[in-house]
Structures are given as structure tokens and as C-alpha cells.
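Engineer: Supplied in C-alpha cells, the structure appears directly below.
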Amino acid sequence: MATSKTITDKKYIIPFVLITSLFFMWGFARAILDVLNKHFQDSLHISITESALIQVVTYLGYFIMAIPAGLFINRFGYRYGVVFGLALFALGSFLFIPGAYTGTLGAFLACLFIIACGLAFLETSANPYVTELGPQETATSRLNLSQSFNGLGSSLAPFIIGVFLFGDNSSDIDDVALPYTIMGAIVVIVAIIFLFSELPDISHEEENTNVEDDDETGIDKLKRLFKNKTFLFGLIALLAYEVGEISINSYFVNFAYGIGLLDVNGASYTLSFSLFIFMGGRFLGSWIMKSVPAERFLKWCATGSVSCMLLLILTSVAENGEQTSWTRHLPIVFLMGNYFFEAIMFPTIFALSLRGLGNLTKSASSVLMMTPVGGCGFLVMAYLADVTDSYVIPFIIPLISFIIILAFSRKLDAGK
């Protein structure tokens, strides 16, 4: 077992705090989407399928903009990547004002796409930057700590925005402009702080290659990056995580309601509680990984998630339909347990995939930030539910995802 080490150096405390604030902001911004789905259905009189375009547009924004964001950061550095991302974030937020005046779904989707492009810049900049602000031995612990505030933002957004949009039972489309305008103003203030703050831009020495960094283009770095087998496995594992995590979130209410265990409100509250478990898992994981090697802890957590998915499927199949049986609660218990185990996966896989990449770190980060497109995987779960007429079989998708992550963590742990 490794000895406990500090999360970050004293000289990096202020940059670490500033960057960590960004994690809260994009967690808050992405979690609003689930609230917007219902609000747009009521105010624009659209179907659930049409409102799902909100998520699709967001994930496509990440996918399309991740590589350009990496090329931008390679040239101008992490700080300007953050500032440019915040500028796009603010622009998309303020465009909700004319969007509300127009009152069309297309206008709002355009606003959300711009915001998603800004978030892609923020995440591509902030995730690798946090791993550099201190000892490499605690990089995964540091990123998990920052990502914990992402979970805090995700947990608070549905409550705050939900109360604002639905508190008076109003379905006025104009209501959505105010929270985004306030958020845009806050983002502008944060951008100004970053613009005038002295943040160290980490540089890397070229190692084990004859290529001069000054003569190497971003495309050259990407070509060299894809020859790294550990990075490629990490990319696959991170994509698998996005498929599993987002699919479960999107399917949670349908599952809990479909098996007759909870009503819609009860399922929604249970999901919110599960997200708080998720946040707690990240805080606890960040502390544990100060002493336990990240790849080993990831292996333990992946084992836990695989076990939860298997037990969920087995207990759901074994349930005999007796509504008074206490065993009918077990599938939800195992589903909630998975939130604890999966909590550290994204930041840990991300940090492990960047380990030892040197001057390829910025390019690698941009490629890794294409993986949120895996969120579209929840459509596969929905399709399986429809064609099999089963609420349980779709969990095969996240089960496969966590098995891939387990294989990745076992490979890295065996190589230590």
C-alpha cells in the first residue's frame, strides 16, 4: 500500500480552487437538461422523443468540438482554453433570451449546442490541468476531488431549477430565459477572473522520441497518440463508462416505475438520493486514493459495479411478483449501490489514461472528451426494453460496460 501524500502543492492551491469551481459549473449546466425535458414537453407541446433532442445535441456538441478544443489548447494553453470555453458558455446562455422570444425548439437547441461546445472546451482544459497541479502520485485523487464538486452541481441543479420552473405549476416558455441569463452573468464573472489570474501553464519535456515538439503539429501528435495501447484501452474504457453511467441515469425512473416498485415522483426522489450517494463516493474515493493505488481501487470499484448489475438482473428475474415480498426492493438497492461504485470511474480512468503521455497530454484530453457521445447508448437500452417487453434485460448494456472497465483496471494493476 502506498503512503499517504498531499493532494496538491501549496503553490497550486489557488489554481486548483479556481479550476475546481468549473467542475461545479458544468455539472450544474448538464444536470439542468433533465429538468428542461419535461418543461419543454409542457411549454412547447412536444413529444418525449422530440425533447430527447436536448441530450442528443449536447452529446454531439462534445463529440464535434473535443478535437478542435484540444488543438486550440495545444496552441494557446489551458488558461485560454478555459476562458474561450466560458465565453461560449455565456454566449449560449444569453441567447436563451431571444430563444424564449422565438419560442421554438430549434432556437433552444442552437443555444444548448453552443453551451455544449463551451463545456467541451472547459472539460478538455480542466480535467488534464487538475492532474498536473501537484504530485503525479496523487493525480487521480486530485481529479476525483474536483469531480466531486461536479457531482454537487449535478445534485443541486434539478432541485433549484425544478423549483423555479415548476414551483407555480407554470409552463410558460419565457420562464427558462431567466435562470440561463443569471447563469450567463455568473459565467462572465468567472471568465474575467480566469483571464486576469496567473495560472501556470504546464509544459512537458519530450521523452523517448526524436521529434521536436516545436516542429510537431497537433495532427502529428494525434497520430503518435493512437499508437499508445494503454491510452487506446483507456479511451475504450471511458467510452464504456459514459454508455453505462448515462444510460442508467436515463433509464432509472422508467425501471423503478416499470417494475411497480415506485411511482414517478418516488422514482425521481430516489434518483436524486442516488446522485448524492454518487457524490459521496467521489469524495470518499479521493481520500482513499491518497493511500491506495488508483488502478487497484478502480479494480475494486469495477468489481462492485459488475456485481451490482449481476445481482440486479438475478433478483429481478427471481422476483415472483409478490407485491408484499421485501425482496422486490433488492433490484433498486443494487442499482443505488452501483452509484457508489461507479462514482470514481470517470476521473480515475481519465487520469490513468493520461499517465506518462508528456507533451501528448493536451491532445489526449481532447480525444477522451469525445466519449460523452456514449450517452446516446441509453437509446439501445430503450430499444431492448421495447422489443423484449422487459425492464430488466436492458441492464445487459451497463453490465458489459463495467466488465470492460474491470478488464482495463486489471490490466493496469497487473502491470504495477
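Each residue of the sequence shown is one higher than the last, beginning at 18 in my numbering.
Using N, Cα and C, we set each Cβ at its ideal position, and we do this for glycine too.
Since the model is a prediction, treat every value here as computed from it, not as a measurement.
Excluding the five sequence neighbours on either side, which residues of its own chain have a C-beta within less than 6 angstroms of the C-beta of proline 389, listed in chain order?
Structural biologist: Excluding residues up to 5 positions away in sequence, Tyr76, Tyr79 and Glu259 lie with their Cβ nearer than 6 angstroms to the Cβ of proline 389 in the same chain.
Engineer: Closest to methionine 387 by C-alpha separation, out of Ile349, Leu139 and Ala424, would be which residue?
Structural biologist: Leu139
Engineer: Distance, Cα to Cα, serine 21 vs serine 291?
Structural biologist: Below a pLDDT of 50, predicted positions are generally treated as unreliable, and serine 21, at 48, falls in that range; the measurement from the model is reported next regardless. So the alpha carbons of these two residues sit roughly 29 angstroms apart.
Engineer: When the Cα atoms are used, what is the spatial distance from valine 34 to alanine 156?
Structural biologist: 15 angstroms
Engineer: Note down, in chain order, each residue of its chain lying with its Cβ closer than 8 angstroms to the Cβ of leucine 327, except the 5 sequence neighbours on either side.
Structural biologist: Leu416
Engineer: Pick out whichever of Tyr95, Val74 and Thr37 has its Cα sitting closest to the Cα of asparagine 376.
Structural biologist: Tyr95
Engineer: Look up histidine 346 in the DSSP assignment and say whether it is helix, strand or coil.
Structural biologist: helix
Engineer: Could you pull out every residue in the same chain whose Cβ sits closer than 7 angstroms to the Cβ of alanine 137, ignoring the five residues on either side in sequence?
Structural biologist: For alanine 137, where only same-chain residues beyond five positions count, the Cβ hits under 7 angstroms are Gly78, Tyr79, Met82, Ala83, Ala86 and Met386.
Engineer: Return the Cβ separation of phenylalanine 166 and phenylalanine 41 in integer angstroms, given the expectation that the two are a contact with Cβ distance under 8 angstroms.
Structural biologist: Sure, about 4 angstroms apart at Cβ, within 8 angstroms.
Engineer: Compute the Euclidean distance between the alpha carbons of alanine 284 and lysine 244, then round it to the nearest angstrom.
Structural biologist: Lysine 244 has its alpha-carbon roughly 45 angstroms from the corresponding atom of alanine 284.
Engineer: Among Val99, Asn144, Ile178 and Phe101, whose alpha-carbon lies nearest the alpha-carbon of phenylalanine 363?
Structural biologist: Asn144
Engineer: Taking all protein chains shown into account, decide if arginine 92 is buried (16 or more other Cβ within 10 angstroms of its Cβ) or exposed.
Structural biologist: exposed
Engineer: Since I believe glycine 251 is in contact with serine 382 (beta carbons under 8 angstroms), could you give me their beta-carbon distance rounded to a whole number of angstroms?
Structural biologist: Separation of the CB atoms of serine 382 and glycine 251 is rounded to 12 angstroms, and the pair is thereby denied contact status at 8 angstroms.
Engineer: Report the option in Cys134, Pro115 and Leu278 whose CA atom is closest to the CA atom of alanine 441.
Structural biologist: The first residue shown for the chain is 18 and the last is 433, placing residue 441 beyond what the model contains.
Engineer: Can you check which of these residues, Ala107, Leu423 and Phe419, is closest to isoleucine 206 by C-alpha distance?
Structural biologist: Ala107
Engineer: What did DSSP end up calling tyrosine 118 once you bin it into helix, strand or coil?
Structural biologist: helix
Engineer: Could you check the C-alpha separation between phenylalanine 113 and leucine 401 for me, to the nearest Å?
Structural biologist: Cα to Cα, the separation comes out at about 36 angstroms.
Engineer: Only counting the same chain, and skipping five residues up and downstream in sequence, which positions put a Cβ closer than 6 angstroms to that of glycine 275?
Structural biologist: Tyr408
Engineer: If you drop the 5 nearest sequence neighbours on each side, which residues of the same chain put their C-beta closer than 6 angstroms to that of serine 322?
Structural biologist: Asn355, Phe358, Glu359 and Phe419
Engineer: Take tyrosine 197 and list the residues in its own chain whose beta-carbon comes closer than 7 angstroms to its own, dropping the five residues that flank it on each side.
Structural biologist: Counting only residues of its own chain and dropping the five nearest sequence neighbours on each side, tyrosine 197 has a CB closer than 7 angstroms to the CB of Ser110 and Phe113.
Engineer: Quick check on the burial criterion: 16 or more other C-beta atoms within 10 angstroms. Buried or exposed for proline 32?
Structural biologist: buried
Engineer: Can you look up threonine 287 in the DSSP assignment and give me helix, strand or coil?
Structural biologist: helix
Engineer: Since leucine 279 and phenylalanine 412 are thought to touch, with beta carbons under 8 angstroms apart, how far apart are those beta carbons, to the nearest angstrom?
Structural biologist: Actually they are not in contact, since the Cβ atoms of leucine 279 and phenylalanine 412 sit about 17 angstroms apart, beyond 8 angstroms.
Engineer: Going by other Cβ atoms of all chains shown within 10 Å of its Cβ, with 16 needed for buried, is glutamine 164 buried or exposed?
Structural biologist: buried
Engineer: Is the CB-CB distance between serine 16 and alanine 257 below 8 angstroms?
Structural biologist: The first residue shown for the chain is 18 and the last is 433, placing residue 16 beyond what the model contains.
Engineer: Indicate the three-state DSSP secondary structure (helix, strand or coil) for glycine 98 in the structure shown.
Structural biologist: Looking at glycine 98 - three-state DSSP - the assignment turns out to be helix.
Engineer: Identify whether tyrosine 408 lies in helix, strand or coil by the three-state DSSP scheme.
Structural biologist: Coil.
Engineer: By the three-class DSSP mapping on this structure, what secondary structure does arginine 241 have?
Structural biologist: helix
Engineer: Give the secondary structure of arginine 92 by DSSP, where H, G and I count as helix, E and B as strand, and everything else as coil.
Structural biologist: helix
Engineer: Between leucine 61 and the rest of its own chain, which residues show a CB-CB distance below 6 angstroms, the 5 nearest in sequence each way excluded?
Structural biologist: Cβ contact annotation for leucine 61 (same chain, cutoff 6 angstroms, sequence separation greater than five): Leu122, in chain order.
Engineer: Does DSSP put glycine 78 in a helix, in a strand, or in coil?
Structural biologist: Here glycine 78 sits in helix by DSSP.
Engineer: Hey, serine 172 and methionine 296 are a contact pair by Cβ (cut 8 angstroms); roughly how many whole angstroms apart?
Structural biologist: 6 angstroms
Engineer: Using the Cβ count rule (16 or more neighbours within 10 Å means buried), how would you classify leucine 352?
Structural biologist: buried
Engineer: Check each candidate in Tyr286, Asp237, Ile422 and Pro348 and name the one with the smallest Cα separation from lysine 379.
Structural biologist: Asp237
Engineer: Taking a contact to mean a Cβ-Cβ separation below 8 angstroms, would you say alanine 311 touches threonine 247 in this structure?
Structural biologist: no
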